[in-house]
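Each residue of the sequence shown is one higher than the last, beginning at 10 in the numbering used here.
Input: a single structure, listed below in structure tokens.
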Amino acid sequence: MAIITSNLKTNYMNEQSADAAIQHDVEQQVIDIHCHPALKTWLFPSHHVYDGVMPVGYDFSENCFVNIPNMQSGNVGVGVSVYYLPEKKIKTEQMKNVLMTLGMAAIKLLCDRLPIIVEDTSSPSASFEQIKNYIAVFENDIAYAVNEIGGPTGNVAIAYGYADLLEKTSDGKTVFLHSIEGAHALGNAPIDAETLLANLEELFDLGVCQITVGHFFENILVSSSGGIPPGLAAQLGYDPTKQVTYANGYNGDLAIQAIDKMLDLGILIDLVHCHEGAKQMIFARNNARGANKRPLLFAHTGVQEVALKHNPGMIPAFAAYLPTWDDIRQIKDCNGLCGVIFMDYWLTGDDDHLPGIAAIIETIISIRDAPDSDGVKGTYDHIAIGSDMDGFTTIPEDLGGDRMMKDLVNAIAAIDGITSDDIDKICFANYMRVLQAGWGKA
Numbered sequence: 010m011a012i013i014t015s016n017l018k019t020n021y022m023n024e025q026s027a028d029a030a031i032q033h034d035v036e037q038q039v040i041d042i043h044c045h046p047a048l049k050t051w052l053f054p055s056h057h058v059y060d061g062v063m064p065v066g067y068d069f070s071e072n073c074f075v076n077i078p079n080m081q082s083g084n085v086g087v088g089v090s091v092y093y094l095p096e097k098k099i100k101t102e103q104m105k106n107v108l109m110t111l112g113m114a115a116i117k118l119l120c121d122r123l124p125i126i127v128e129d130t131s132s133p134s135a136s137f138e139q140i141k142n143y144i145a146v147f148e149n150d151i152a153y154a155v156n157e158i159g160g161p162t163g164n165v166a167i168a169y170g171y172a173d174l175l176e177k178t179s180d181g182k183t184v185f186l187h188s189i190e191g192a193h194a195l196g197n198a199p200i201d202a203e204t205l206l207a208n209l210e211e212l213f214d215l216g217v218c219q220i221t222v223g224h225f226f227e228n229i230l231v232s233s234s235g236g237i238p239p240g241l242a243a244q245l246g247y248d249p250t251k252q253v254t255y256a257n258g259y260n261g262d263l264a265i266q267a268i269d270k271m272l273d274l275g276i277l278i279d280l281v282h283c284h285e286g287a288k289q290m291i292f293a294r295n296n297a298r299g300a301n302k303r304p305l306l307f308a309h310t311g312v313q314e315v316a317l318k319h320n321p322g323m324i325p326a327f328a329a330y331l332p333t334w335d336d337i338r339q340i341k342d343c344n345g346l347c348g349v350i351f352m353d354y355w356l357t358g359d360d361d362h363l364p365g366i367a368a369i370i371e372t373i374i375s376i377r378d379a380p381d382s383d384g385v386k387g388t389y390d391h392i393a394i395g396s397d398m399d400g401f402t403t404i405p406e407d408l409g410g411d412r413m414m415k416d417l418v419n420a421i422a423a424i425d426g427i428t429s430d431d432i433d434k435i436c437f438a439n440y441m442r443v444l445q446a447g448w449g450k451a
């Protein structure tokens with residue numbers, strides 16, 4: 010494991026060159042660029058990100074894999090807190106049946122809350138008002154940790170801009186950033202372009218640094234490539250091939266205007282869950298910016314070639330959720346990132362809940378070896394950690410929460426030929442670079 014000697018602020022506040030030494034003051038610090046501690050505070054009001062209680066087992070539960078004490082014990086210094094509003098199109102009765110089969114009292118209580126915690130489509134901006142409330146609920150949790158709990162758990166903050174992030178990490182705080190998953194949170198039909206763009210600007214002003222544009226269902230901007238493994242999909246009656254009505258996979262000029270607005274404002278765009286046509290539109294709109302091109306992300310993902318190697322029989326409609334080497338080429342061309350997910354099915358194509366560290370290492374190596382458009386490959390410049398923990402995911406048994414992140418870092422450090430600087434890049438420096446280039450107005 011790399012041992013570090015100074016801090017994040019030392020490395021980034023002076024517009025350092027890309028190849029400068031990257032160091033900070035604890036064992037190898039980690040940024041998780043896509044995790045869901047806020048989902049638990051939204052679904053289960055009695056559970057909080059400051060609780061240190063761990064889930065029993067590795068399936069979705071009411072307790073947080075990502076919580077402040079476990080982040081601190083695992084050296085996770087920054088978590089990109091993703092606000093996902095469960096879509097109204099998830100069939101409520103079938104979801105209740107799935108939840109009831111889990112046999113957990115707290116999960117059963119969730120059944121009665123489903124109508125108030127899923128996406129509200131009663132007006133064009135109803136879901137947008139929900140997402141602002143969702144953010145406020147999480148911010149209240151953080152404020153409680155600071156003001157009422159104190160101690161190490163209270164040494165926590167939310168950063169609202171890149172400079173703010175540097176200041177708060179340099180003070181030794183555990184820091185959260187705001188992110189949205191699914192453009193259904195921006196509004197729904199018949200929303201007009203003026204309102205949609207104003208909603209985006211308001212989220213930017215609230216400190217949102219990143220938006221995953223797609224999700225399980227087609228939304229106001231893009232069609233979906235899926236994201237629910239086939240076993241659960243069958244229980245929910247979900248078919249990823251039936252989530253497309255837009256020609257070319259995106260909602261015409263409205264989608265283009267929204268993507269351009271995100272690129273102009275400086276909100277990082279995560280392409281996971283996007284229909285193929287939507288992905289290519291976003292790549293094209295970014296490329297059209299020329300020298301002002303922004304870094305793009307697959308913030309929580311595996312690699313299609315790796316999953317198909319493990320499971321050649323992976324259903325094509327489900328494999329399409331994963332980026333290919335050609336997608337990774339385009340990510341490298343814009344100096345973006347792929348954050349590696351902690352979920353068996355999207356790593357290996359097998360929903361078997363086996364240990365996942367080896368599959369994560371294999372995925373890291375695959376991203377490393379994918380060439381950019383100039384044929385350059387073999388660097389660790391476009392890799393990060395995007396666990397998706399505490400989303401609707403099952404966790405590999407050797408990565409049961411942030412407290413075990415050190416085990417993953419040790420495995421990364423054991424990759425043949427990897428250097429201390431490479432480890433730093435994967436664990437935090439690459440994402441800091443992307444934030445510096447992509448978060449905030451150019």
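Every residue gets a Cβ at the ideal spot worked out from N, C-alpha and C, and that includes glycine.
Neighbourhood of residue i by C-beta distance below 6 Å, restricted to the same chain and skipping five residues each side
i, result
"Ala194", "Leu94, Ser136 and Ile140"
"Pro54", "none"
"Gln38", "Asn84, Gly86 and Phe437"
"Glu128", "Leu94, Glu96, Lys97, Ser136 and His193"
"Ala29", "Its pLDDT being 36, under 50, Ala29 is placed unreliably in this model, and the coordinates cannot settle the point."
"Pro380", "Lys386"
"Leu263", "Ala202"
Residue i burial status per 10 Å Cβ neighbour count (16 or more: buried)
i, result
"Ala256", "exposed"
"Thr403", "buried"
"Ala368", "buried"
"Asn296", "exposed"
"Pro321", "exposed"
"Gly348", "buried"
"Glu203", "exposed"
"Asp397", "buried"
"Gly475", "As displayed, the chain neither begins before 10 nor continues past 451, which places residue 475 out of reach and without an answer."
"Lys251", "exposed"
"Ile432", "buried"
"Asn385", "Checking the displayed sequence, the identity of residue 385 turns out to be Val instead of Asn. Result: exposed."
"Val91", "buried"
"Val62", "exposed"
"Thr372", "buried"
"Ile125", "exposed"
"Ala8", "Residue 8 cannot be examined here, being either before or after the span of the chain that is shown, 10 to 451."
"Thr50", "buried"
Strand pairing of residue i, partner residues [DSSP]
i, result
"His187", "Ser90 and Val217"
"Ile392", "Cys347"
"Tyr259", "Val231"
"Ile278", "Ile220"
"Phe307", "Cys347"
"Ala166", "Val184"
"Val39", "Val85"
"Cys44", "Ser90"
"Cys283", "Ser233"
Pair within 8 Å by beta-carbon distance, residue i and residue j
i, j, result
"Val315", "Ser375", "yes"
"Asn197", "Thr130", "yes"
"Leu408", "Phe351", "yes"
"Thr452", "His309", "Not covered by the structure: residue 452. The range shown for the chain is 10 to 451."
"Asp360", "Pro249", "no"
"Ile435", "Ile370", "no"
"Tyr330", "Gly235", "yes"
"Leu209", "Met290", "no"
"Gly400", "Leu48", "yes"
"Cys283", "Val231", "yes"
"Gln219", "Ser188", "yes"
"Ile167", "Glu148", "yes"
"Ser382", "Arg442", "no"
"Lys288", "Asp342", "no"
"Pro133", "Pro199", "yes"
"Leu206", "Gln266", "yes"
Proximal residues to residue i (C-beta, below 7 Å), its chain only, five neighbours per side dropped
i, result
"Gly447", "Gly275, Leu277, Arg303 and Pro304"
"Gly365", "Phe351, Asp353, Leu356, Pro405, Asp407 and Leu408"
"Thr162", "Tyr59, Ile77, Pro78 and Ala154"
"Ile324", "Pro239"
"Asn334", "According to the sequence as given, residue 334 is Trp; it is not Asn. Excluding positions up to five away in sequence, the list reads Glu314 and Ala379."
"Asn23", "Note on Asn23: pLDDT 42, under 50, position unreliable in the model; no value is reported."
The ligand NAP heavy atom lying under 7 Å from the CB of residue i
i, result
"Asn260", "This structure simply doesn't include the ligand NAP, nor any ligand for that matter."
Own chain residues within Cβ distance below 8 Å of residue i, not counting five before or after
i, result
"Tyr171", "Leu444, Gln445, Trp448 and Gly449"
"Gly387", "Arg377 and Asp378"
contact_flag[the stretch 151-158, the stretch 221-238] where n(CB pairs < 8 Å) is 3 or more: no
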